[in-house]
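Structure, as structure tokens:
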Amino acid sequence: MDLMEIFFISLGAVVVLYHVVKLVLFSRILFPKLWFPLSKSFFTSMGEWAVVTGASEGIGRAYAFALAERGMNVVIMSRTRERLDLVAKEIGEATDQTVKVITTDFINENVFSEIEDQLKDLDIGILVNNVGVLPGVVFEQTQESRGSCITLQFVLLSFPFFQMCKIILPGMEKRGKGLIVNISSGIATVPFPYYSLYAASKIFVERVSQGLQAEYKDKGIIIQAVAPFGVSTRMVSYQKTNIVTLSAENFVKSSLQYIRAGDRTNGSICHSILVRPTSARITRKKRVSIAID
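This is how it looks when you write it as structure tokens:
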């Protein structure tokens, strides 16, 4: 066998090995229960309480319900008392778990000391940072209104999640366990015209989450950024559900299976598959027409 044959055989072996590894990695997305099994007591083992921000509807409401169904008492937070009370009643009747309501407007940076006071005596094992806002496709044209819009988005999209981590992480570190889920978005993967600030803020969420996970992983704390694409919520005018656009309940049910899948996940099989095609399409066409959340 000459050197050329050895070279091509070796090259072929490397290519086959590469694709085998890719297939194995892809199977982790397809079979999360096999690769990332969770015990029935996994969530309750983290602590007695779960805190969910932006919980009056949509993804936040679905997380609050899902965690209560798994045996946790929940603190639900949003700025609309009437909606929160309704959600609290629904969760209590469906699960018999205790629900604590905190009405707060995250645009006011002074609210966090009050939030900390209301949470300080609770054994908080899980935090879901979901609060956010999606800007209109076209900003107002006046400079004054544009500036106000940008300030509002920055405060709602970036500041609350970091402050909530700051409030709750010390208790988790003291107990040596905890889970923090920070909701990002699939559009953080690509440049996204007309939603530039929203996409950039979600990149911020992901990078901070990944940094915090590196810092706290050895302390028994799981910190994960979850980046969905299409989820049917009020934020996207309740688009019709399909294979790509999931209901909030189905998305959350899926995403909880990937808790041990690393510091970033898209939360579902279909959204994970979307990542590469979407990146290629935005490069070619400079725009994306899929639903976002």
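Residue 1 is where the sequence shown starts when you use the numbering used here, and the numbers rise one by one after that.
Backbone N, C-alpha and C fix where the C-beta goes; we use that ideal spot for every residue, glycine too.
Under 6 angstroms Cβ to Cβ from residue i, same chain only, skipping five residues before and after it: list those, please.
| i | result |
| --- | --- |
| T95 | A68 and E69 |
| Q97 | A68 and N73 |
| L179 | M46, I126 and I222 |
| T241 | S232 and S247 |
| P160 | F106 and V131 |
| A199 | I187, A188 and F192 |
From the DSSP output, in three-state form, read off residue i for me.
| i | result |
| --- | --- |
| V14 | helix |
| S232 | strand |
| L246 | strand |
| R260 | coil |
| I273 | helix |
| V137 | Note that V137 has pLDDT 40, beneath the 50 cutoff, so the model's placement of it is unreliable and the number below is only indicative. V137: coil per DSSP, three-state reduction. |
| T265 | strand |
| T241 | coil |
| Q143 | Caution applies to Q143, whose pLDDT of 41 falls short of 50 and renders its modelled position unreliable; the value that the coordinates give is listed next. If DSSP states are grouped into helix, strand and coil, Q143 belongs with the helices. |
| Q97 | coil |
| S255 | helix |
| L38 | coil |
| K166 | helix |
| K174 | helix |
| D2 | coil |
| G220 | coil |
Hey, residue i and residue j: beta-carbon distance below 8 angstroms or not?
| i | j | result |
| --- | --- | --- |
| T265 | V226 | yes |
| N130 | Y216 | no |
| E173 | K202 | no |
| R61 | V87 | yes |
| I183 | V51 | no |
| R12 | T44 | The question names Arg, but residue 12 in the sequence shown is Gly. Contact flag unset, no. |
| I107 | I115 | no |
| R81 | D105 | no |
| V128 | V75 | no |
| S272 | I29 | yes |
| S237 | S254 | no |
With DSSP as the reference, identify every bridge partner of residue i, one or two as the case may be.
| i | result |
| --- | --- |
| Q78 | Position check: residue 78 holds Ser in this sequence, whereas Gln was assumed. Per DSSP, T103. |
| N182 | N129 and A225 |
| I124 | W49 |
| N73 | W49 |
Sorted by chain position, which residues of the same chain lie with C-beta nearer than 8 angstroms to residue i's C-beta, five sequence neighbours on each side aside?
| i | result |
| --- | --- |
| E144 | Residue confidence for E144 is low, a pLDDT of 46 falling below 50, so the modelled location carries little weight and cannot support an answer. |
| T233 | E57, G58, I59, A248 and D293 |
| G262 | Q224 |
| Q257 | P32, K33, F36 and L38 |
| K177 | S45, M46, G47, G125, G220 and I221 |
| K120 | none |
Grab the span of the beta strand (DSSP E) containing residue i for me, first residue to last.
| i | result |
| --- | --- |
| V52 | W49 to T53 |
Determine the extent of the alpha helix (DSSP H) in which residue i is found, giving its start and end residues.
| i | result |
| --- | --- |
| E215 | S196 to Y216 |
| T189 | Here T189 belongs to no alpha helix (DSSP H), and DSSP marks it neither H nor E. |
| F112 | F112 to L119 |
| L67 | G58 to E69 |
| F43 | F42 to M46 |
| K33 | P32 to W35 |
Go through its chain and collect everything with a Cβ distance to residue i's Cβ below 7 angstroms, but skip five positions before and after it.
| i | result |
| --- | --- |
| R83 | S56 and E57 |
| V252 | I59, A62, Y63 and A66 |
| G171 | I124 |
| L17 | none |
| F162 | V208 |
| C270 | I243 and V244 |
| L212 | C165 and I223 |
| Q118 | I102 |
| F112 | Q163 and I167 |
| D85 | V101 |
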